[in-house]
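Chemist:
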Amino acid sequence: MAGLTHLLHGCVPSWHPSVQTERNYVPEEALKRHLDERRVPYRSIAGAADGDVLTIDDSTCGAARACRLARAAGHEVTLFVNPAQIDRRRTYWFSRFDVIMDQRRAGSAVFDGREFELRPGRALRAFRLAVKARLMPLPEEATDDLLDEVAGLLRPASEAVPEHARTMTVDDLRDLVARDVRIGSHGWDHRDIAAMTEAELVADLRGAQEWFHDRLGSRPEHYAVPYGLAPLTGRAAREVPGRILLAHAGLADGFLGDRQWNRRDLTTPLQAGHG
Ligand SMILES: [Zn+2]
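Start counting the sequence shown at 8; every next residue gets the next number (this note's numbering).
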């Protein structure tokens, strides 16, 4: 029976529950324990019929760190990266946005005509989701203006992005390949594919494949949809030779049909296990 495909976004050396920049990362100790306690190592996607698969998303230093830990513990792992951020040495919009929120000095903000309290918990989450909805469809280079506007509202004390949330370099990526981390495509950019035309999506997927071929000497087989919510269909789906991976909490885990597989996110369980 085919196993589960697990998903992480990386790890941090010490994790704090209310820090926005660490929201999608797991404590390094919890990840090490998880990797050590598994009786059967994670398999590669090609060997998925025999067991579970570990996948890690995004081109961040925290994702690279988690991949190195997995390999050191004897597990196969596939890392899904976006070339755009690596090639342009740009920070992901969500990394900068998280820092702006963590470092905020404002207690409330008016965004898109709505007033938001910025207290930790539900209020801050409502603000984050409102801003995120505006950022998800944008190409990375077009996110600066909106983030400048948000920084103007929240008046952060600093915009220094912590190491784990920074973008990895091409050399980091090559180092991971040398450790037998398998590389997957997360698309050229980290845009919501539901907001793209089919032609834009085909160009995005092809651009990524060409970059991987130029920089790493091979084209990835598998593709993870940015944000993991929208299925990849039609002409764009034919650009992907292998599996198309989602991360949709509302769908069943595993094979969904039409080469699409849904993944189980380990982030919350590994954060919860942190004493
Ligand atoms: Zn992603």
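Cβ atoms here follow ideal geometry from the backbone N, Cα and C, with glycine treated the same way.
Determine the burial state of T150: buried for a count of at least 16 other Cβ atoms within 10 Å of its Cβ, exposed for fewer.
Modeler: Label assigned to T150: buried.
Chemist: Measure the C-alpha to C-alpha separation of R186 and D178 and round it to an integer number of angstroms.
Modeler: Cα-Cα distance, rounded: 12 Å.
Chemist: Throw me the rounded Cβ distance for the L42 and H82 pair, which I believe falls under 8 Å.
Modeler: So it is a contact: roughly 6 Å between Cβ atoms.
Chemist: Hey, L38 and L76 are a contact pair by Cβ (cut 8 Å); roughly how many whole angstroms apart?
Modeler: About 6 Å; that satisfies the 8 Å criterion.
Chemist: Relative to ligand 1, what is the chain-ordered list of residues with a Cβ closer than 6 Å to any of its non-hydrogen atoms?
Modeler: Cβ atoms closer than 6 Å to ligand 1 belong to D64, D65, H193, H197, P233.
Chemist: According to DSSP, which residues form a beta bridge with R50?
Modeler: Looking at the DSSP assignment, R50 forms a beta bridge with V60.
Chemist: On the DSSP bridge list, what partners appear for C18?
Modeler: In DSSP, C18 forms a bridge with V33.
Chemist: Using a Cβ-Cβ cutoff of less than 8 Å, which residues in the same chain neighbour Q278 once the five nearest sequence positions on both sides are dropped?
Modeler: Only W22, P24, V33, P34, A37 meet the Cβ criterion.
Chemist: In three-state DSSP terms, what is W195?
Modeler: Coil at W195, not helix or strand.
Chemist: By Cβ distance, which residues of its chain are closer than 6 Å to E166, with the 5 residues on each side in sequence left out?
Modeler: Excluding positions up to five away in sequence, the list reads V106.
Chemist: If F118 and L160 are in contact, beta carbons under 8 Å, what's the gap, nearest whole angstrom?
Modeler: With 8 Å as the limit, F118 and L160 qualify as a contact, their Cβ atoms being about 6 Å apart.
Chemist: Near D94, what residues of its chain come up, given a Cβ to Cβ distance below 7 Å and the 5 sequence neighbours on each side ignored?
Modeler: Around D94: W218.
Chemist: Exposed or buried, which one is L86 when buried takes at least 16 other CB atoms within 10 Å?
Modeler: Classification of L86: buried, given that the 10 Å Cβ count is 16 or more.
Chemist: Output the boundary residues of the alpha helix (DSSP H) element that contains E205.
Modeler: 205 to 223 is the extent of the alpha helix (DSSP H) around E205.
Chemist: Counting only the same chain and skipping the five closest in sequence on each side, list residues whose C-beta sits under 7 Å from that of A130.
Modeler: Excluding residues within five positions, the ones whose Cβ falls inside 7 Å are F123, E124.
Chemist: On the premise that G69 lies in contact with A172, defined as a C-beta separation below 8 Å, what is that separation, rounded to the nearest angstrom?
Modeler: So it is a contact: roughly 7 Å between Cβ atoms.
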